[in-house]
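Those sequence lines, one after another, are chains A and B.
If you count by this note's numbering, then the first sequence holds residues 367 to 844, one letter each, in order.
If you count by this note's numbering, then the second sequence holds residues 367 to 844, one letter each, in order.
In what follows, a single structure is set out as structure tokens and then discussed.
Number of protein chains: 2
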Amino acid sequence: MTDIAALTEAARTAAGATAAADDATRASWLRAIADDLDGAVDELVELAMAETALPDARLRGEVARTTGQLRLFADVLLEGSYLEAVLDSADPAATPPRPDLRRMLRPIGPVAVFAASNFPFAFSVAGGDTASALAVGCPVIVKAHPGHPLTSRRTAELVVAALDRLGAPGGTFALVEGFDEGLALVDSPAIQAVAFTGSLRAGRALLERCVARERPIPFYGELGSLNPVVVTPAADAARGATLAEGLAGSFQLGHGQFCTKPGLVFVPADSTLEDALPDFVGADVPKLLTEAITEGFAAGRSRAVAVPGVEVLAGDRDTATPLVLAADASTLLEHEDVLLEEVFGPATVLVRYRDPAELRTALDHLEGSLTMTLHAEPEDDVDDLVDRMTERAGRVLFSGWPTGVAVGWAQQHGGPWPATTTQFTSVGATAVRRFQRPVVYQDAPEHLLPPALRDGNPLGIPRRVDGRLALPSADGRA
Amino acid sequence: MTDIAALTEAARTAAGATAAADDATRASWLRAIADDLDGAVDELVELAMAETALPDARLRGEVARTTGQLRLFADVLLEGSYLEAVLDSADPAATPPRPDLRRMLRPIGPVAVFAASNFPFAFSVAGGDTASALAVGCPVIVKAHPGHPLTSRRTAELVVAALDRLGAPGGTFALVEGFDEGLALVDSPAIQAVAFTGSLRAGRALLERCVARERPIPFYGELGSLNPVVVTPAADAARGATLAEGLAGSFQLGHGQFCTKPGLVFVPADSTLEDALPDFVGADVPKLLTEAITEGFAAGRSRAVAVPGVEVLAGDRDTATPLVLAADASTLLEHEDVLLEEVFGPATVLVRYRDPAELRTALDHLEGSLTMTLHAEPEDDVDDLVDRMTERAGRVLFSGWPTGVAVGWAQQHGGPWPATTTQFTSVGATAVRRFQRPVVYQDAPEHLLPPALRDGNPLGIPRRVDGRLALPSADGRA
Numbered sequence: 367m368t369d370i371a372a373l374t375e376a377a378r379t380a381a382g383a384t385a386a387a388d389d390a391t392r393a394s395w396l397r398a399i400a401d402d403l404d405g406a407v408d409e410l411v412e413l414a415m416a417e418t419a420l421p422d423a424r425l426r427g428e429v430a431r432t433t434g435q436l437r438l439f440a441d442v443l444l445e446g447s448y449l450e451a452v453l454d455s456a457d458p459a460a461t462p463p464r465p466d467l468r469r470m471l472r473p474i475g476p477v478a479v480f481a482a483s484n485f486p487f488a489f490s491v492a493g494g495d496t497a498s499a500l501a502v503g504c505p506v507i508v509k510a511h512p513g514h515p516l517t518s519r520r521t522a523e524l525v526v527a528a529l530d531r532l533g534a535p536g537g538t539f540a541l542v543e544g545f546d547e548g549l550a551l552v553d554s555p556a557i558q559a560v561a562f563t564g565s566l567r568a569g570r571a572l573l574e575r576c577v578a579r580e581r582p583i584p585f586y587g588e589l590g591s592l593n594p595v596v597v598t599p600a601a602d603a604a605r606g607a608t609l610a611e612g613l614a615g616s617f618q619l620g621h622g623q624f625c626t627k628p629g630l631v632f633v634p635a636d637s638t639l640e641d642a643l644p645d646f647v648g649a650d651v652p653k654l655l656t657e658a659i660t661e662g663f664a665a666g667r668s669r670a671v672a673v674p675g676v677e678v679l680a681g682d683r684d685t686a687t688p689l690v691l692a693a694d695a696s697t698l699l700e701h702e703d704v705l706l707e708e709v710f711g712p713a714t715v716l717v718r719y720r721d722p723a724e725l726r727t728a729l730d731h732l733e734g735s736l737t738m739t740l741h742a743e744p745e746d747d748v749d750d751l752v753d754r755m756t757e758r759a760g761r762v763l764f765s766g767w768p769t770g771v772a773v774g775w776a777q778q779h780g781g782p783w784p785a786t787t788t789q790f791t792s793v794g795a796t797a798v799r800r801f802q803r804p805v806v807y808q809d810a811p812e813h814l815l816p817p818a819l820r821d822g823n824p825l826g827i828p829r830r831v832d833g834r835l836a837l838p839s840a841d842g843r844a
Numbered sequence: 367m368t369d370i371a372a373l374t375e376a377a378r379t380a381a382g383a384t385a386a387a388d389d390a391t392r393a394s395w396l397r398a399i400a401d402d403l404d405g406a407v408d409e410l411v412e413l414a415m416a417e418t419a420l421p422d423a424r425l426r427g428e429v430a431r432t433t434g435q436l437r438l439f440a441d442v443l444l445e446g447s448y449l450e451a452v453l454d455s456a457d458p459a460a461t462p463p464r465p466d467l468r469r470m471l472r473p474i475g476p477v478a479v480f481a482a483s484n485f486p487f488a489f490s491v492a493g494g495d496t497a498s499a500l501a502v503g504c505p506v507i508v509k510a511h512p513g514h515p516l517t518s519r520r521t522a523e524l525v526v527a528a529l530d531r532l533g534a535p536g537g538t539f540a541l542v543e544g545f546d547e548g549l550a551l552v553d554s555p556a557i558q559a560v561a562f563t564g565s566l567r568a569g570r571a572l573l574e575r576c577v578a579r580e581r582p583i584p585f586y587g588e589l590g591s592l593n594p595v596v597v598t599p600a601a602d603a604a605r606g607a608t609l610a611e612g613l614a615g616s617f618q619l620g621h622g623q624f625c626t627k628p629g630l631v632f633v634p635a636d637s638t639l640e641d642a643l644p645d646f647v648g649a650d651v652p653k654l655l656t657e658a659i660t661e662g663f664a665a666g667r668s669r670a671v672a673v674p675g676v677e678v679l680a681g682d683r684d685t686a687t688p689l690v691l692a693a694d695a696s697t698l699l700e701h702e703d704v705l706l707e708e709v710f711g712p713a714t715v716l717v718r719y720r721d722p723a724e725l726r727t728a729l730d731h732l733e734g735s736l737t738m739t740l741h742a743e744p745e746d747d748v749d750d751l752v753d754r755m756t757e758r759a760g761r762v763l764f765s766g767w768p769t770g771v772a773v774g775w776a777q778q779h780g781g782p783w784p785a786t787t788t789q790f791t792s793v794g795a796t797a798v799r800r801f802q803r804p805v806v807y808q809d810a811p812e813h814l815l816p817p818a819l820r821d822g823n824p825l826g827i828p829r830r831v832d833g834r835l836a837l838p839s840a841d842g843r844a
């Protein structure tokens, strides 16, 4: 077994230096990693194709997404708002006298990242969790997913080489493999947070393990999501066939192996969408990412098709083709233990509702999801539906389909349990907040303050001064 | 037993309306509560004096702090940054096409607040947890602390009356009492977060209970803190007697019943501070807040004075007077299981270090605290000490004493485990973030967006648009 104690101790030792490295330095690390991954794209894609059965174009796109993500976090560092600098002036005349307080976010310390199976780059060794933790100055130890070990090792070599070349402290990044190694990371006193993308069962076990430690630490898990879609009768009447084509594309994309796959679609009874959908569904048996996913897909299908009242609309009952099931809303509620369970793979369930009341009742039974999607027409009164969707999801879509998660400043990839375990995102600029904690300096001598908090705003970042948010040019704090 | 199911269901029902209430409306609720508490200050203080044995001036000050806190959160709402509005424009030409994404923070839903014993107003029924949750639109159910039931009930009556008068939805606020009622709140499916101020043992149990729920929820616990102080030899030589007076005032303030009481003070061997301190320590046996605290103080003293090598510098070994102990750093490390345990009440431990290396070694053994304080002279080289303090505390002080927590925009009241259980604060403007979660709207029709995210910035709040932070006057999003 890898010497986890030595690796985590090296990360702990590195943490002081990674925290002290300035924003430009850490941005240069992220950009160097991005450049090197882009430079090795052919090699990386070849390795990943062999290990994951995902196609060339998808994997190339995913490398680009991964390097774009690294570069976004570099931009986030240089912009500086991520430090959440807040300065309150002293008021010696107040009762009691008010001290000078200057607050900012600081890196939390070494982070363990559990890579996902379904994104060998974007949610893996150099994916969003790693990028956001490194960005804010946290050393990272990644536990590789066993589904793509060669891709993981090669990516890690490139990350380590880039960090070394730029003079990052030894111990800033490491890769480990193995189940027991992963658990040892979670238990290590040096590790200050765990980020995980995977199954609800494994995630729940890790969450409990993080809390059972002598010193509990935050667990950022992305665990499971049905990504319900609602189609109003008006939308179905106006463009049911188009919606069927879009849905078919979304739930079969990447063979349905996305956390944002639409797994539950509410349609009016006798919908055009339902009639049109089977024509867009493939009949081949896809090669899924891992044996565990293949087995999970088979088991999930079997449980679902066995539910009384569930019809097979498209796909084969007994072989692992893409699958569309259909059931009435009453059947969904009667068998929610099966039908509200995520089936990872190319399957979706159409749920027929008779009227708005039945739709609302069904929605009230749903747990949290990463996304919810509404297809409506301008004349529909959907305020009530939007409220219900907002309560249950982190991303609410008003057209299109939930697969495809743009990486940007505004993105939110997270939602109420079991979608994620905290009120944060794992995609987009604000993902860094998971790995930061606030520190306030009270009456500190100027030279002992971090530059972000010094008089005159030497870093030129947005800061809140005496309650007023000030952009760099207008930060009047002398 | 109170009908917890009915109360939590009422809170769940109210949550839609409290979330939909606009910022000005919720600000008016907070201000009305503040005004009514101020108006009833004589009555409230009289009740609290009888129940807590705290003096009139302290309790009046605490009511003022509580109402000032409510008004600060009203200001936070109207300023609008707390919504963290971020807008990314669509780019249909991108590959893949980028959707229009608009993110903001939304209320998490009904919150359970466990009131503290030691602040019958500021960390109790209408204290910071309640104020920050109500501020962002979360209904609140407070579990009263049994140490001051009449004060709690009267405060709750005033809160409910103010909310009713302003037309807040029924179910926005409720008070419950009793141990089992508290547990039932934590277990209620309607409750979306728990805030707690109290002991490490109780807090750990509640944390595990929050995670063991069918749907785990965040637990915001403030559990225990030693608030270590470091005095350099130069500071001791320059002003040891003054520091002794300040320390004596701080650790005996409120009879040491503050989460920020300095419980561990590192002094050079043969310090002036140590010589001077006994003269500033009282000899009376104070009346503590509750029987449990009285017993805990007695037990903690007994354990500490029994440690070989621990001297009693001031106070009585056998009666519950204020107590100052002293020990060498080597004794601290040998008996850290006892000497690094928080003793709630008027006691503090001086730890004598021989040289900087011994001081650093001792600091490396400390767990997280709410605060750490440094008393140094300008010529001292303290970079290394400041790094260690920053790693272990949420507030780092460079003069003064940790008791007294200013309520403002920059304040941070929280720190690494066991000080608090998450990377948030329970005091200051950013305390609201505990009760919010992000939601992003993708390609939403304008009229279905919350006002904070609409074109033209109708609320006039700071927003980030296409990566650039813009103040209201300059938010160019048409």
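Using N, Cα and C, we set each Cβ at its ideal position, and we do this for glycine too.
In terms of CA proximity to Ala-481 of chain B, B:Phe-545 leads the group B:Val-442, B:Phe-545, B:Ala-440, B:Thr-538. Straight-line spacing of the CA atoms in Arg-803 of chain B and Lys-627 of chain A works out to 22 Å. Among the CB atoms of chain B, none fall inside 7 Å of the CB of Trp-395 of chain A. In the displayed model, Asp-645 of chain A falls within a helix according to three-state DSSP.
The C-alpha of Gln-778 of chain B is placed about 18 Å away from the C-alpha of Gly-564 of chain B. His-731 of chain A counts as exposed, since fewer than 16 other beta carbons sit within 10 angstroms of its beta carbon. Residue contact with chain B for Ala-772 of chain A: present (Cβ-Cβ distance below 7 Å to some residue of chain B). The count of Cβ pairs closer than 8 Å, one atom from the region 520-527 of chain A and one from the region 601-612 of chain A, stays below three, leaving the stretches out of contact. By the criterion of a C-beta distance shorter than 7 Å, Ala-380 of chain A is surrounded in its chain by Pro-505, Pro-535, Gly-536, Gly-537, Thr-538, once the five residues flanking it on both sides are discounted.
Going by C-alpha positions, Asp-694 of chain A is about 46 Å away from Leu-516 of chain A. With a threshold of 16 other beta carbon atoms within 10 Å, His-621 of chain A meets it and is buried. In terms of beta-carbon proximity, Leu-835 of chain A lines the interface with chain B, with at least one pair separated by less than 7 Å.
Counted as a single uninterrupted DSSP element, the beta strand (DSSP E) harbouring Glu-677 of chain B occupies residues 677-680. Going by DSSP, Met-755 of chain B is part of the alpha helix (DSSP H) stretching over 749-758. DSSP places Phe-562 of chain A in the strand class (E or B) of the three-state scheme.
Nearest to Thr-787 of chain A by alpha-carbon distance, out of B:Val-407, B:Gln-558, B:Leu-471, is B:Gln-558.
Exclusion of the five residues before and after Leu-698 of chain A leaves Leu-705, Val-717, Ala-728 as the residues of its chain whose Cβ lies within less than 7 Å of its Cβ. Considering only beta carbons, the part of the region 759-770 of chain B lying closer than 9 Å to chain A consists of Ala-759, Gly-760, Arg-761, Val-762, Leu-763, Phe-764, Ser-765, Gly-766, Pro-768, Gly-770, in chain order. By the beta-carbon neighbour count (other beta carbons within 10 angstroms, threshold 16), Glu-428 of chain A is buried. With a contact defined as Cβ atoms closer than 8 Å, Leu-736 of chain A and Cys-625 of chain A qualify at about 6 Å.
The beta carbon of Tyr-807 of chain B falls within 7 Å of a beta carbon belonging to chain A, placing the residue at that interface. Every beta strand (DSSP E) stretch that sits fully inside the region 616-669 of chain A and reaches 3 residues is listed by chain position as 630-634. The shortest CA-to-CA distance from Glu-450 of chain A to any of A:Pro-458, A:Arg-468, A:Arg-431, A:Asp-530 is the one to A:Arg-468. Using a Cβ distance threshold of 7 Å, Pro-768 of chain A and Asn-593 of chain A count as a contacting pair.
Fully contained in the region 424-495 of chain B are the following beta strand (DSSP E) runs of length 3 or more, in chain order: 451-454, 467-473, 477-480. By the CB criterion at 7 Å, Ile-399 of chain B and Ala-527 of chain B fall outside the cutoff. For the options A:Leu-689, A:Arg-464, A:His-813, A:Ser-696, the alpha carbon positioned closest to that of Gly-711 of chain A is the one of A:Leu-689. Here Ser-591 of chain B is buried: its Cβ has 16 or more other Cβ atoms, across all protein chains shown, within 10 Å.
At a cut-off of 7 Å, the C-beta of Pro-804 of chain A has a neighbouring C-beta in chain B. In this structure, Ala-607 of chain B places its C-beta atom within 7 Å of the C-beta atom of Ala-642 of chain B.
For Ile-474 of chain B, the neighbours in chain A by C-beta distance under 9 Å run, in chain order, Pro-782, Gln-789.
Interface flag for Pro-458 of chain A against chain B is unset, since no Cβ pair is found closer than 7 Å.
Contact note: Glu-574 of chain B reaches chain A through Val-577, using a C-beta cutoff of 7 Å and chain order. Only residues of its own chain outside the window of five on either side were considered, and among them Ala-478, Val-560, Leu-572, Arg-575, Cys-576 have a CB closer than 7 Å to the CB of Val-552 of chain A, listed in chain order. Contact check for Gly-781 of chain A against Thr-791 of chain A fails: the beta carbons are separated by 7 Å or more.
In the three-state DSSP reduction, Pro-804 of chain A falls in the strand class (E or B).
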